[in-house]
Amino acid sequence: MSGRRRARGQATTWPPRGAAGGYGPAFPWFSGRPWLGAAAFAHLRLWLAEEVAPGRLIPWLPIAFASGILVYFAAQHEPIVGPAPALALAFMLAAILARARPAAFPVLVAVAAACAGFATATIKSAWVAHPVLHHAAGNVAIAGWVETREERERTDRIVVKVERLESRRLDDAPERVRVSVRKGQAPPVGAFIELKTRLNAPLAPLRPGGYDFARDLYFQGIGATGFAVGEIKITAPPRRPALWLVYATFIENMRDGIDRRIRAAVPGDAGSIASALITGKRDAISAPVNDAMYISSLAHVLSISGYHMAVVAGVVFFLVRAVLAIIPGLAARRPIKKWAALAALAAATFYLLLSGAEVATQRSYYMTAIVLGAVLIDRQALTLRTIGTAAILVLLLAPEAVVHPSFQMSFAATLALIAAYERGLPWKAKHADTPLSARIALWGVYEVAGLIFASLVAGLGTTPYAAYHFHRMAPYGVLANLLAMPIVSAWIMPAGMLALVAMPFGYDDVLWRLMGVGIDWMDAIALWVASLPGAVGRVPAFGGGPLLLCTAGLVMLCLMRSPLRWGGAATIVVATIWAFSAPLPDVLIAPSGDLVAARAADGRLAVIKKSGDAFAVKEWLAADADARTTADPTLGNGVACDAIGCTARLGDLGIVALATAPEAFAEDC
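Structure below.
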């Protein structure tokens, strides 16, 4: 036995005992400094051996896969479809041939995964290729099927699958268009409609490095946006709708029926939030409450994600297993745990379809399904592998999600939580048997500390992405989550689930009202936290480089086990310094060309505008960490206008001019 122990110990020691001083010739700068050079290098080899131990590299596969997709989006023009999959297959074959080589094999696997991600994005882009409108067009007559409908605070919005389009200015008609309509005038999903519209090209990024709305719409198959002009007519379709549209109509009718029941019982924002938690319809929440939810870091409650899916699956699993366990003799003869897992999986699947299956919901569903599947086959689900599998599944179906804030924040929060609990649970178990620990558990301190810990970890994990996409942070996020999440867990979600079960029997009204009371409490917390001094942590815009570097640091901290992981913390510090030192643009021009912002001598933006486009101005102010609103009169400070144009003076005394008449060019130049 002792011989086997020595052999096993020698086999897993890297470098071998006594070999530490042998690295000097390979690294001349180590010579003469054994306490610094050779010893440090020996420790580095040991740490690297720990990181590449069996099973340790598997969680890095989705990172490599996502990196390949990012390389695709960084390309200057659309890649050719064929070479990318061929390159991925070549590296896969090379990895198989090199599987006996300890250094080459993991490198080739990582490169193959990156090439597979690049190929997936290339194939998806070619698969969804469709015509895109490049200029505005008025008086466009459209006939087609309504695919989706969104209820918003001021207007409604529909996506129309075009069957017939008539316009003198359009040579290549888009296949789908997104149209804004008057509040309450949106036709139902599945209806065949005829309407007149004014169409625009999908919105380009409003500033350098800004969110690309056109890219998002392209992968949704939408080639133009616009608004309805005149009456919308529902007519008889020329043919039967596609099977997927029949399915979408069925799901949407179910969501609409539940939404109406909720709104009838709970009016106002409470009803809108209740509907968001159950059906995923969150577009009708008023702007003040919606902003307060983001400022207080409670916006994650509105997006159906891992928390909601875990509550639904967990409650169903517990109830089904508890009911089966009280039946005499059944628990001893039948696998009721597996039956409960099947019921929980069915409930999670129904919740996924009902809620609209957004990226965060898909991720949480895949993870939940993997965990429940492990119960069915008597295996333990590995947490980091679970989130890795979920990430690859999401990116295989929607590679464009890797650049979307929902995907980034959802996976960052989940990865940070899993890594933190993997580090913290052994420590908790080690100290669980002490008398002090028993008294602490009795007082409920562990539950409160766990909630604070989870809020802090998830908040820190998502902070870089919230700062990059929304230019804000939530200083009081832990306080808001500590006050609100127990209500959501113990009151709001259970009441909503019971109401959903009771609705077919007509006894759901009181449960919806009970859910609304809990939501009112959550709203009050969000509004109070948002009103605290310094609640809005504004962050100036920065480029993608600091975000990528910060992501690398986060991944190192969460996936590495050796002391090398603290290099991730150093990487995050460098990324933070880089982000806050990023320069801001001196001049911003809207894609339409009729809106310009110039940085004045006081360092703030002065806006020259010919039109009333407030959306671009709002985006520019947010990216500038400027608290002013679009109606602030100081936006015009330093702007001089006459009948033929406007000018604004930059901080370096340069002049920016916006001409409204041809004669202005001679005068300004």
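The opening position of the sequence shown corresponds to residue 123 in the working numbering, with each subsequent residue numbered one higher. The beta carbon of each residue, even a glycine, is placed where N, CA and C say it ideally should be. Remember, predicted model here, so these are calculated numbers, not experimental data.
Check whether residue i and residue j have beta carbons under 8 Å apart
{"i": "proline 668", "j": "alanine 617", "result": "no"}
{"i": "isoleucine 426", "j": "glycine 451", "result": "no"}
{"i": "arginine 771", "j": "alanine 712", "result": "no"}
{"i": "valine 493", "j": "threonine 508", "result": "yes"}
{"i": "serine 289", "j": "valine 311", "result": "no"}
{"i": "isoleucine 384", "j": "tryptophan 613", "result": "no"}
{"i": "isoleucine 609", "j": "methionine 644", "result": "yes"}
{"i": "threonine 505", "j": "isoleucine 540", "result": "yes"}
{"i": "phenylalanine 314", "j": "proline 324", "result": "no"}
{"i": "lysine 283", "j": "glutamate 269", "result": "yes"}
{"i": "arginine 594", "j": "valine 651", "result": "no"}
{"i": "glycine 666", "j": "glycine 332", "result": "no"}
{"i": "alanine 697", "j": "glycine 675", "result": "yes"}
{"i": "glycine 760", "j": "alanine 781", "result": "no"}
{"i": "arginine 279", "j": "arginine 300", "result": "yes"}
{"i": "tryptophan 742", "j": "alanine 779", "result": "no"}
{"i": "alanine 469", "j": "alanine 496", "result": "no"}
{"i": "glutamate 172", "j": "arginine 683", "result": "yes"}
From the options, residue whose alpha carbon lies closest to that of residue i
{"i": "glycine 656", "options": "Thr483, Ile417 and Ala674", "result": "Ile417"}
{"i": "alanine 432", "options": "Arg443, Ala466 and Ala350", "result": "Ala466"}
{"i": "valine 579", "options": "Leu328, Ala542 and Ala588", "result": "Ala542"}
{"i": "leucine 518", "options": "Ala196, Ala243, Val229 and Leu166", "result": "Ala243"}
{"i": "isoleucine 694", "options": "Ala370, Val388 and Met678", "result": "Met678"}
{"i": "alanine 238", "options": "Ala468, Ile191, Asp754 and Asp724", "result": "Ile191"}
{"i": "alanine 326", "options": "Asp790, Glu269, Gly715 and Phe529", "result": "Gly715"}
{"i": "tyrosine 590", "options": "Ala747, Val174, Leu365 and Gln342", "result": "Ala747"}
{"i": "leucine 649", "options": "Phe575, Thr673 and Ala606", "result": "Ala606"}
{"i": "proline 521", "options": "Val229, Leu168, Val250 and Ser703", "result": "Val250"}
{"i": "asparagine 375", "options": "Gly478, Leu671 and Leu620", "result": "Gly478"}
{"i": "leucine 209", "options": "Ala720, Pro309, Ala241 and Phe592", "result": "Ala241"}
{"i": "tyrosine 598", "options": "Asp631, Tyr587 and Ile647", "result": "Ile647"}
{"i": "alanine 663", "options": "Leu179, Arg329, Ala188 and Met619", "result": "Arg329"}
{"i": "threonine 483", "options": "Val516, Pro253, Phe575 and Gly581", "result": "Val516"}
{"i": "methionine 619", "options": "Arg298, Phe227, Ala232 and Ile400", "result": "Ile400"}
{"i": "serine 528", "options": "Glu480, Ala538 and Leu292", "result": "Glu480"}
Residue i in three-state terms, based on DSSP
{"i": "threonine 782", "result": "coil"}
{"i": "glycine 803", "result": "The chain is shown only over 123 to 791; residue 803 falls outside these bounds and no answer can be derived."}
{"i": "arginine 289", "result": "One point to set straight first is that residue 289 is serine, not arginine, in the sequence displayed. Reduced to three states, the DSSP call for serine 289 is coil."}
{"i": "proline 147", "result": "Only weak support is given to the placement of proline 147: the predicted model assigns it a pLDDT of 40, under 50, and the value that follows is read from those uncertain coordinates. Residue state, collapsed to three classes: coil."}
{"i": "leucine 772", "result": "coil"}
{"i": "asparagine 322", "result": "strand"}
{"i": "tryptophan 565", "result": "Because the pLDDT of tryptophan 565 is 48, which lies under 50, any placement of that residue in the model is unreliable, and the number read from its coordinates should be weighed accordingly. Three-state DSSP puts tryptophan 565 in coil, outside helix and strand."}
{"i": "aspartate 112", "result": "Because the chain is modelled from 123 through 791, residue 112 falls outside the range shown and cannot be assessed."}
{"i": "serine 302", "result": "strand"}
{"i": "alanine 102", "result": "A question about residue 102 goes unanswered here, because the residues of the chain that appear run from 123 up to 791."}
{"i": "alanine 462", "result": "helix"}
{"i": "alanine 788", "result": "helix"}
{"i": "alanine 728", "result": "strand"}
{"i": "leucine 420", "result": "coil"}
{"i": "aspartate 764", "result": "strand"}
{"i": "proline 544", "result": "Checking the sequence, you will find glutamate at residue 544 rather than proline. Helix at glutamate 544."}
{"i": "glycine 436", "result": "helix"}
{"i": "glutamate 522", "result": "helix"}
{"i": "histidine 257", "result": "coil"}
{"i": "valine 174", "result": "coil"}
{"i": "lysine 283", "result": "strand"}
{"i": "glutamate 741", "result": "helix"}
{"i": "alanine 188", "result": "helix"}
{"i": "arginine 507", "result": "helix"}
{"i": "valine 497", "result": "helix"}
{"i": "isoleucine 777", "result": "strand"}
{"i": "glutamate 480", "result": "coil"}
(Q) Just to confirm the assignment: which complete beta strand (DSSP E) runs, minimum length 3, are found wholly within the region 324 to 397? (A) The beta strand (DSSP E) runs lying completely inside the region 324 to 397 and spanning 3 residues or more are 346 to 356, given in chain order.
Which parts of the region 652 to 693 are runs of the alpha helix (DSSP H), unbroken and 4 residues or longer, counting only runs that do not cross its ends? DSSP runs (the alpha helix (DSSP H)) wholly in the region 652 to 693: 666 to 681.
| Counting Cβ pairs, one atom from each stretch, are 3 or more of them under 8 Å apart for the region 301 to 312 and the region 202 to 220? | No, they do not touch.
query = Contact between the region 704 to 719 and the region 678 to 692: three or more CB pairs below 8 Å?
reply = Using a C-beta cut-off of 8 Å, the region 704 to 719 makes no contact with the region 678 to 692, since fewer than three inter-stretch Cβ pairs fall below that distance.
Cβ pair count under 8 Å reaching 3, the region 192 to 211 against the region 531 to 545: Under the 8 Å Cβ criterion, the region 192 to 211 does not count as touching the region 531 to 545, having fewer than three qualifying pairs.
Are the region 343 to 359 and the region 369 to 379 touching, with three or more C-beta to C-beta distances below 8 Å?
Contact fails: fewer than three Cβ-Cβ distances are below 8 Å.
Check: For the region 240 to 259 against the region 336 to 351, are there 3 or more C-beta pairs whose distance is under 8 Å?
Finding: Under the Cβ criterion (8 Å, minimum of three pairs), the region 240 to 259 counts as touching the region 336 to 351.
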